[in-house]
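According to UniProt numbering, numbering within the sequence shown proceeds without interruption in unit steps and concludes at 466.
Take a look at the structure set out below.
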Amino acid sequence: MQTLMSHSHSRVAPLPGAITKEEIKNQLMVHERRFLSKPTRKEEWTVLPQSAHSKNTVNPVRRIADACAVPPNPEKKVIRLHLGDPSVGGKLPPSEVAVQAMHESVSTHMYDGYGPAVGALAARQAIVDKYSSSDNVFTADDVVLASGCSHALQMAIEAVANAGDNILVPHPGFPLYSTLCRPHNIIDKPYKIDMTGEDVKIDLSYMATIIDENTRAIIVNNPGNPTGGVFTKEHLEEILEFANKYKLIIIADEIYGDLVYNGATFYPMASLSPKVPIITCDGIAKRWMVPGWRLGWLIIHNHFGVLNEVKQGIVALSQKIVGPCSLVQGALPKILRETPEEYFVYTRNVIETNANIVENILADVPGMRVVKPKGAMYMMVNISRPAYGNDVNFCQNLIKEESVFCLPGQAFSAPGYFRVVLTSSTDDMEEAATRIRDFCFRNINQFSDSEDSSDEGLDLSAMESD
């Protein structure tokens, strides 16, 4: 009995991981302090400020577009050549195959639920089957689907750069690159696109002067928005040599792909040499004329294993939206496999015809120079500032007098230019070009000021003032 009693009063060792009395006391004191420090009840609602991230999310096009929100001439039909949406106007509808594929995707009910965050395997394999080749080999494991090419670009940028890093972006260029960088305090450093020659080119000599130890990537857009330029094979190889020399990865925005004309040929950057790490961003928006379907993708060309960790980051980022629309993913294999070549020939012919119509009509306008497009769906037109004033005023007055909407070049860091979208009907393009010509002849030297227009297509001041 004595043995039992002495054993029952002995100290029992706590179980591993068990909380002690002292720890319980400390936690109670912490909770008490938190309770006592709670803010007093508020009698009225106060305005909640927007986050710094959202405040820094600004698309420059919006600011310029707002400046051009002037009433058109009520006596003339409105012709909209400012929206980069090929579905506007109905001249470039989606292919029957794409529409049928979507009907099938909906009716089978196989794609009503969630899919993998990186995208369904069948859809990713369809991209491999369409675009992988002997000089550009990749697998479904290298493909991540996105909610449009813009989302693909967002994931690429967020995966490669931190706050304080910089990414080289084209000027003139798609302003969304800056919009995607700045909320994360990633610096978008502009490099020059030269639009003065027969072929649009990157000024690589200038680019070499802006690289530093914090430069993480070069964004290369080919075919180009807003330039309409298509880089030659030789120039693309020069860009790759440059990237290899400075050991910089390339984010290749190739959403317009083989939408080329006027004798140009499109070469995917990843198919050329020297081989460098490339993240290709693409989608069905612009060549299949369905930007509202919101399906894009990234292809990670992981040469030398440079993108091992970046690839993991892209996969992690894809989980934010749990993959793009499952219905469009379900339709993608048929869309990529069965859209006939005749469809693409038709769309290229429409845009080429429109480009040549506008170029011919504007050819004899004094103080105006057309940059002959060879790809995408845009044309840039340079205007003399002494003759017509700045590009924003030019576009405002064009709307007021002629009801023709174009975007000023300042929206793309190209002051002294305006952009024309080439996807309307041939009749509308001819009418719009004729109105622009008449407007110029009627108003030449009426809106002049002392500064000449920029013919380099680069506004370095935008980087400092924004």
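For every residue, glycine included, the Cβ atom is placed at its ideal position computed from N, Cα and C.
Buried versus exposed call for residue i [16 or more other C-beta atoms within 10 Å across all chains shown]
i	result
A52	exposed
K25	exposed
P415	buried
V134	Residue identity check: residue 134 is Ser in the sequence provided, not Val. It is exposed - the Cβ of S134 has fewer than 16 other Cβ atoms within 10 Å.
L48	exposed
G257	buried
Q410	buried
I19	exposed
N225	buried
P223	buried
L28	exposed
W45	exposed
I218	buried
Cutoff 7 Å; reference residue i; Cβ partners in own chain excluding five residues on either side
i	result
R437	I361, L362 and V365
L180	L153, Q154 and I157
L139	Before going on, a small fix: residue 139 reads as Thr here, not Leu. Cβ within range, chain order: V128.
N393	F447
M110	G330
is_contact[residue i, chain C] using C-beta, thresh 8 Å
i	result
N445	No chain C appears in this structure, which consists of one protein chain only.
CA-to-CA distance, residue j to residue i, given in whole angstroms
i	j	result
L145	K286	16 Å
L83	V421	7 Å
I255	I193	18 Å
N427	N354	A small fix is needed here, since residue 427 is Asp in this sequence, not Asn. Distance between the alpha carbons of D427 and N354: 9 Å.
M269	P408	30 Å
V106	P175	35 Å
E23	T40	29 Å
P72	P93	27 Å
Q312	D391	44 Å
Q329	L295	8 Å
V97	I299	24 Å
E352	V143	32 Å
E75	T347	32 Å
I399	S178	28 Å
D199	V315	37 Å
Own chain partners of residue i with C-beta closer than 8 Å, once the 5 adjacent residues on each side are dropped
i	result
N445	P386 and A387
K189	N166, I167, L168, V169, I210, T215 and M463
Neighbourhood of residue i by C-beta distance below 6 Å, restricted to the same chain and skipping five residues each side
i	result
M207	Y191
E430	I357
V370	E359, L362 and V381
The ligand FAD heavy atom lying under 7 Å from the CB of residue i
i	result
T215	Because no ligand of any kind appears in the structure shown, any question about the ligand FAD cannot be addressed here.
Whole-number beta carbon distance between residue j and residue i, since they are thought to touch under 8 Å
i	j	result
V118	G323	7 Å
M379	P86	Their Cβ separation, rounded to whole angstroms, is 14 Å, which puts M379 and P86 out of contact at 8 Å.
L272	L236	6 Å
G113	S326	7 Å
Per the contact definition of three or more C-beta pairs closer than 8 Å, is the region 273-280 in contact with the region 244-263?
yes
May I ask you to verify whether the region 116-126 touches the region 328-342, counting CB pairs closer than 8 Å and requiring at least 3?
yes
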